[in-house]
Every structure is written in structure tokens, then in C-alpha cells.
Amino acid sequence: MATLTGLDALARNDFAALRGKSLAVVCNQASIANDFSHILELLLPLHRSGFLTITKVFGPQHGLFGHTQDNMIEWEGTMDARIGLRIYSLYGEHREPSGQMLRDVDLLLIDLPDVGSRYYTFIWTMAGCLRKCAELGIPATVLDRPNPIGGQVEGTVLDPGFASFVGLHPLPMRHAMTVGEVATYLRQNFLPSLELEVVPMTGWSRSDYFDDTGLPWAMPSPNMPTVDTAVIYPGGCLLEGTNLSEGRGTTRPFETFGAPWLDGWKLASSLNALGLKGCHFRPIQFQPTFQKHAGQLCEGAFLHVTDRSTFEPVITYVAIMQQAIQQGRFEWKQPPYEYETVKLPIDILSGNSWLRGAIEGQEPLTSIRERFIEECSIFESKRQAALLY
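Residue numbering for the sequence shown is 282 to 670, as defined by this note's numbering.
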């Protein structure tokens, strides 16, 4: 049975639940149905006929239709003449709607993709929207979508002292929850007054990767071109906290990594010698077109995932950083990063400071993995309470 998203379920019922509602819609370019129709394409005829009213459209990081390719590039809203509605940015002056923006709204409709990693900002855009709804007494409906990288949990759980826009509340780095389940977790633990409905999927299994679902893949953000990118992202994103290129400015970001001062052949050889599960490192040279080391010849490696079921993205990229340190000239990126101006980017990505110390100190991967397992085990009861499938 092919998976149907929450948007597909709503469309199958002719959007009956939205009749007569004044909506604010939170979406981006990947908010599509299984026939490739965008949510606004489906809702606008109903808006024009008077079946419902769309009062506002909000977009997250990278813009409503993904026009800001690099990360941490703010964008501002605009009047969209094509659809006849004003688009509001939630990645700029505002990261959540203001009360003024929601004054004529009686339902907030959220349809945002996620990639299964705590750092991905769309779930925190959703969190800000839900917090504002709870404050103002506005009901929220979240249209559920698959977690594209299956049901494995891995990594650290955020320490609230390291909260930021790449992690506002405790979650594992690889959380194995759907966007609707994350919303449920937020209501259960932080927003008890929120009136929340999650429109569930059908035909989805937690063990499914996105390419098992039969749904069309639309890039949720410009540097997330494929499902393979999402598979490695729970580890690959950690390189944003370093002076290593995480491959932004190449056609395969996060799978590609390196720096001008690295010996890529030495790095790939040392990593392959570790016997890390489900992957292989191939030495490469590349020249990023933007972001870190733009226009410079870099050496590094391309990460091939050979077995998704055993691959551990977070521990793998911990190993990459440890091996890069041994070649010298490795540095931690300094703030600011994602609106944090004091704490190191690697610490807010890690959700703690201990992981940075373990990497610098060349702590054995087995010990780091054990601490990951311990933190995730402590969090598991809260995660289980939010699961919908």
C-alpha cells in the first residue's frame, strides 16, 4: 500500500474539515500531495470560491519556494502576485508569527517536511507557531509526513541549557519521529493548553525510508537533494560546527566533505580502517562554489552508505572529525551561528559540550556510542508517548 500523507488524506475528504475556516498556512516547496500538487495549488481554488479563506501564508528557512540556497540566509516576505496572497517569512525578523499576523486566523494549518534530524529548523519553526497558537488560543492542525530516514534513534539528547534554533527542546539528534509526532511531543511536554490535531498518514511504517513510500521526493531544502543526503545528515550537519566543508557548494552536500589542508587519500584510508558500519569512504577533490572554502581546491572524501540498516551517521561523523584533527589545522567554527552569539556552533548542534571534549580528546568511539545509547534510553519514554504509528 502506497503511503498517503496528511495532505493526501485531507484532499481525499475534499478538505471538508476546513470548510468555513480562516486559515494561516505554514508550508514550503516540498508541501506536495502524492500527485505532485502543492498545498497552495489545492487550497487556492477553495479560497477563491469562498469555501475557506486563506488569510496568511508563512514560509520557513530558505523561503517558501527554496530561493535562498545557502544556510543562515534570512529572507523577507512579499506580496505574491501569482497567488494573490502575502507571504510572510519565519526566518528573518520573525521566527514565529506575531499576534498581529494571526489576528484574523481561526486555524493554523501546518504542512512542513522534516528530515528526521534535530538540527533541521523546520520542526522548530513549527514549534514557534504552536507556541503562539497556545498563547492566543488558536487551534493548530499539522498534516503528517514521513520521517524519511526510518526508525533508528541515535546521538545525544539536547541539554536544555544548549537550546537554540537548531534544537529548542530535548530530542535525539536522530529522533525517529514524524513531524506530527514531534508536534504531539511538544504539546504533551511544553504546550498543554494547545488545541492540536494531527492528520495522520496511512500506509506508512516506521521502518520505511522515504524511497519505500511511493511518494515523490521534493527537496525539502536546497542542500537536501536526495534521500541519501537525509540518511547521512544526522552526522553530516555536525561539520557545520567546524572549519571542514560539509560540501555546500557542491552537487552532493554532506556526502562530500573536506578542506584545502586535508590529505583526502590519507583521511579516507584511516576512516576505512576503523571498520565503521554500513559505509565506505572514497578520496576525492572538489571545489565549492559557495560557503566554506569557496573557489578553493579541497581534498577529502565522499561517503558511500553501503547498508542503511547498520549505518550510524552520528558516530561516523564523530570519527571523521577525530581523524581530521589528527592532520592538524582543524578548528571549531566560532559564533554567531543560527542566532546564537555566545556558545560554539558545535555545542548547540551537539546539544552539550561533552561531545566536543570527547572528539578533541580522541575518546574511543565505543565509549561515545555508549553515552549516546544511555541518553536516548533515558528519553525513550517521552518519545514513545508521542508516537502515532
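Every residue, glycine too, gets a C-beta built ideally from N, C-alpha and C.
DSSP state of residue i, grouped into three classes?
i	result
GLY517	helix
TYR620	coil
ILE313	strand
VAL690	The structure shown does not extend to residue 690, since the chain is modelled only from 282 through 670, so no value can be given for it.
ARG455	strand
THR523	strand
LEU557	coil
GLN608	coil
PHE592	coil
GLU644	coil
LEU625	coil
LEU285	strand
LEU291	helix
ALA575	coil
ARG529	coil
GLY680	A question about residue 680 goes unanswered here, because the residues of the chain that appear run from 282 up to 670.
LEU630	helix
PHE660	helix
GLY418	coil
PHE653	helix
GLN568	coil
LEU636	helix
LEU673	Examination of residue 673 is not possible in this model, given that the chain is present from 282 through 670 alone.
Roughly how many angstroms separate the alpha carbons of residue i and residue j, rounded to a whole number?
i	j	result
HIS574	ALA290	45 Å
PRO441	GLU357	29 Å
ALA314	LEU393	12 Å
GLU462	ASP385	28 Å
PRO626	VAL480	35 Å
LEU669	GLN469	13 Å
ALA639	GLN607	14 Å
LEU671	PHE339	No statement about residue 671 is possible, as the shown extent of the chain runs from 282 to 670 and does not include it.
GLN572	SER526	8 Å
ARG426	GLU644	37 Å
PHE491	PRO497	9 Å
LEU555	THR647	12 Å
TRP485	TYR620	35 Å
GLY632	SER330	48 Å
PRO541	THR622	27 Å
LEU477	PRO420	6 Å
ALA239	GLY517	Look at the range of the chain in this structure, 282 to 670, and you will see that residue 239 is not part of it.
TYR369	GLY418	21 Å
GLN603	LEU288	43 Å
ARG589	GLY365	44 Å
SER312	LEU321	9 Å
ARG455	LEU299	33 Å
ARG376	ILE391	15 Å
LEU389	THR402	19 Å
GLY609	ASP351	27 Å
Should residue i and residue j be called a contact, given that it needs their Cβ atoms to be closer than 7 Å?
i	j	result
GLU580	GLY545	yes
LEU304	ILE335	yes
ALA464	VAL423	yes
THR284	THR523	no
THR587	LYS558	no
ILE565	GLU536	no
PRO277	LEU439	Because the chain spans 282 through 670 in this model, residue 277 falls outside it and cannot be assessed.
ARG637	ILE596	no
LEU411	LEU449	no
ALA511	VAL599	no
LEU325	LEU333	no
PHE538	ARG563	no
PRO534	PRO594	no
ALA415	LEU371	no
CYS657	PRO453	yes
PRO341	THR406	yes
SER488	GLY431	yes
SER474	ILE629	no
THR570	GLY530	yes
THR286	MET482	yes
VAL460	TYR400	no
Opposite residue i in the DSSP bridges: which residues?
i	result
LEU534	Here residue 534 turns out to be Pro, not Leu, going by the sequence shown. DSSP output for PRO534 lists THR537 as bridge partner(s).
HIS319	ILE313
SER303	THR334
ARG563	PHE583
CYS308	ASP392
TRP613	THR523
For chain B, find out if any of its Cβ atoms is closer than 7 Å to the Cβ of residue i; answer yes or no.
i	result
GLU462	Among the protein chains of the structure shown there is no chain B, as only one such chain exists.
> What residue ranges within the stretch 333 to 414 form continuous beta strand (DSSP E) runs of no fewer than 3 residues, ordered along the chain?
Replying inline: 334 to 340, 359 to 361, 366 to 370 and 388 to 392
>> Just to confirm the assignment: which complete alpha helix (DSSP H) runs, minimum length 4, are found wholly within the stretch 463 to 518?
In response: Segments of the alpha helix (DSSP H) lying fully in the stretch 463 to 518: 508 to 517.
> Which ranges does the beta strand (DSSP E) cover as unbroken runs of at least 3 residues, wholly within the stretch 420 to 455, from first to last along the chain?
Replying inline: With a minimum length of 3 residues, the continuous beta strand (DSSP E) runs that stay inside the stretch 420 to 455 are 421 to 424, 435 to 438 and 453 to 455.
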